[in-house]
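Number of protein chains: 2
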Amino acid sequence: MALSVLRLSHRISRDKRITTHLALTARAFGASKFFYTGDSDSNLENSSEYVTKEWGGNFTISFVDNPTNFIKEWKRKEGIVVHLTMYGIELSEQLKLLRSRINDYILVVVGGSKVPGHIFQLADYNIAIGHQPHSEVAALAVFLDNLSDCEARKHKHSNAKTKIVPTEKGKKTKNVQESSD
Amino acid sequence: MALSVLRLSHRISRDKRITTHLALTARAFGASKFFYTGDSDSNLENSSEYVTKEWGGNFTISFVDNPTNFIKEWKRKEGIVVHLTMYGIELSEQLKLLRSRINDYILVVVGGSKVPGHIFQLADYNIAIGHQPHSEVAALAVFLDNLSDCEARKHKHSNAKTKIVPTEKGKKTKNVQESSD
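Protein chains in written order, with my numbering: chain A, 1 to 181; chain B, 182 to 362.
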């Protein structure tokens, strides 16, 4: 799986935590690259990079100036573009098709409430995670979980400094001394 | 399924949008009640109620003063309590067991980063959606999606004023004149 995520129209004042949650969700569910447009935000980038340093993996976060050109360029290089929107076709109807393209370069585009019409046109697939208003974080997580048949969230992150020791009651972590995955 | 969600430690200044996304996700994935503790927040309640009025269903949102007593009372009435935490046992290992209790009253507890230790003790199940840091919104969505075998997000909401007409490219809605589900 070679997945990347593009978050549209990040606004520092309003979206700080939502975009952070999107980046962490992308990483935790196996995406390797996170791009965002809107306001360039060093705090967002630093908090994402801090998590990657501590918990491992090769996840990167980058600001993109022009999302339209970025998406066009992605398609020009034969990657596919999946836009998550409650107006699209329900994931369950397209899952088989999307899974058949899982080895292509997939760019998952998530927006807020006001995604411009041309993004719907540019996307190869407009996919709904249910047809109710909820959350781009929820949509991204369920999409990546379903696409990978629940495997993405078990992705091993190389070079982690900290790992969790799963426990029935309580919090246990261990420090990892060396690269182990 | 009789599902409720309890969000711990809402802070108006910091969590406004995250808690709104949690409430909308709970509703969209079939929960019927959303409780929250921390700061009482009329804007949060109003925005959740507005969505329910427009998009249908019988979803309610309520402030809870004392989460510990609330959880104890839930258990006293023979409901079960599932706390979502990255420190718990991975969902895939407990899914069969949890599905066998799907007709019990399930309270799904979601917190932030600093959930007190006694919540882990009080919960019947501490369940991880992967063992990486990500988002309580992502965790809630994937939990409800998996528990329902991807059916929850297709839940029909009665008395909706607006519904989506799924479309390959673009945004289409229809106004619903009367109760139809």
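For each residue, glycine too, the CB sits at the ideal point set by N, CA and C. Bear in mind the structure is a predicted one, so any value in this text is a computation, not a measurement.
When A:N103, A:A123 and A:Y105 are compared against K183 (chain A), the one with the closest alpha-carbon
The structure shown has nothing for residue 183 (chain A), since chain A only spans 1 to 181.
Could you name the residues of chain A that I310 (chain B) contacts, counting a contact when the two beta carbons are closer than 7 Å?
Per Cβ cutoff of 7 Å: R153.
Nonlocal neighbours in the same chain, by C-beta distance under 8 Å from V187 (chain A), ignoring five residues either side
What is shown of chain A runs 1 to 181, which leaves residue 187 (chain A) out entirely.
Spell out whether any CB of chain A is found under 7 Å from the CB atom of H315 (chain B).
yes
Looking at chain A, is there any beta carbon in it that lies within less than 7 Å of the beta carbon of D326 (chain B)?
Residue-level contact by beta carbon holds for D326 (chain B) and chain A, with a gap shorter than 7 Å.
Integer-rounded CB distance, given that V109 (chain A) should sit under 8 Å from T25 (chain A)
Between V109 (chain A) and T25 (chain A) the Cβ distance is about 14 Å, and since that is not below 8 Å, they are no contact.
At the 7 Å Cβ level, is T167 (chain A) part of the contact set with chain B, yes or no?
When Cβ-Cβ separations below 7 Å define contact, T167 (chain A) makes contact with chain B.
Beta-carbon contacts of E259 (chain B) that lie in its chain and below 8 Å, excluding the five residues immediately before and after:
D285 and Y286
Own chain residues within Cβ distance below 8 Å of A212 (chain B), not counting five before or after
L184, S185, V186, F240, V289 and L325
List, in order along the chain, the chain A residues whose C-beta lies closer than 7 Å to that of N307 (chain B)?
E168 and K169
Nearest chain A C-beta to Q358 (chain B) closer than 7 Å, yes or no?
no
If you measure from the beta carbon of Q121 (chain A) to each beta carbon in chain B, is any gap under 7 Å?
Interface flag for Q121 (chain A) against chain B is set, since a Cβ pair is found closer than 7 Å.
Given that a residue counts as buried once 16 or more other Cβ atoms are within 10 Å of its Cβ, and exposed if not, what is I283 (chain B)?
Around the CB of I283 (chain B), fewer than 16 other CB atoms lie within 10 Å, so the residue is classed as exposed.
Could you tell me whether the Cβ of R17 (chain A) comes closer than 7 Å to any Cβ of chain B?
yes
Below 7 Å on C-beta distance, what does V232 (chain B) contact in chain A?
Neighbours of V232 (chain B) on chain A, chain order: P133.
Going along chain B in order, which residues have a C-beta closer than 9 Å to the C-beta of V108 (chain A)?
Residues of chain B passing the Cβ test: none, with the nearest at roughly 14 Å.
With respect to the alpha helix (DSSP H) encompassing I119 (chain A), which residues constitute its N-terminal and C-terminal limits?
I119 (chain A): member of the alpha helix (DSSP H) spanning G117 to L122, first to last residue.
Quick one: what's I127 (chain A) bridged to in DSSP?
A:I89
Assumed close pair S47 (chain A), G111 (chain A) - CB separation to whole angstroms, cut-off 8 Å
In fact, because the Cβ distance is near 21 Å, the residues do not count as touching under 8 Å.
Run down chain B in chain order and give the residues with a C-beta less than 7 Å from the C-beta of H10 (chain A).
Under the 7 Å cutoff, chain B gives no residues; its nearest Cβ is about 13 Å from H10 (chain A).
Should K169 (chain A) and Q302 (chain B) be called a contact, given that it needs their Cβ atoms to be closer than 7 Å?
The answer is yes: Cβ separation under 7 Å.
Inter-residue CB distance, P314 (chain B) and I89 (chain A) (contact presumed, cutoff 8 Å)
Rounded, the Cβ-Cβ distance is 32 Å, inconsistent with contact.
Under 7 Å between C-beta atoms of G237 (chain B) and S339 (chain B):
yes
Going by DSSP, what residue range makes up the alpha helix (DSSP H) through F34 (chain A)?
Premise fails: F34 (chain A) lies in the beta strand (DSSP E), K33 to G38, not in any alpha helix (DSSP H).
Classify L174 (chain A) as buried or exposed, calling it buried when 16 or more other Cβ atoms lie within 10 Å of its own Cβ.
Residue identity check: residue 174 (chain A) is Lys in the sequence provided, not Leu. Exposure of K174 (chain A) is indicated by the presence of fewer than 16 other C-beta atoms within 10 angstroms of its C-beta.
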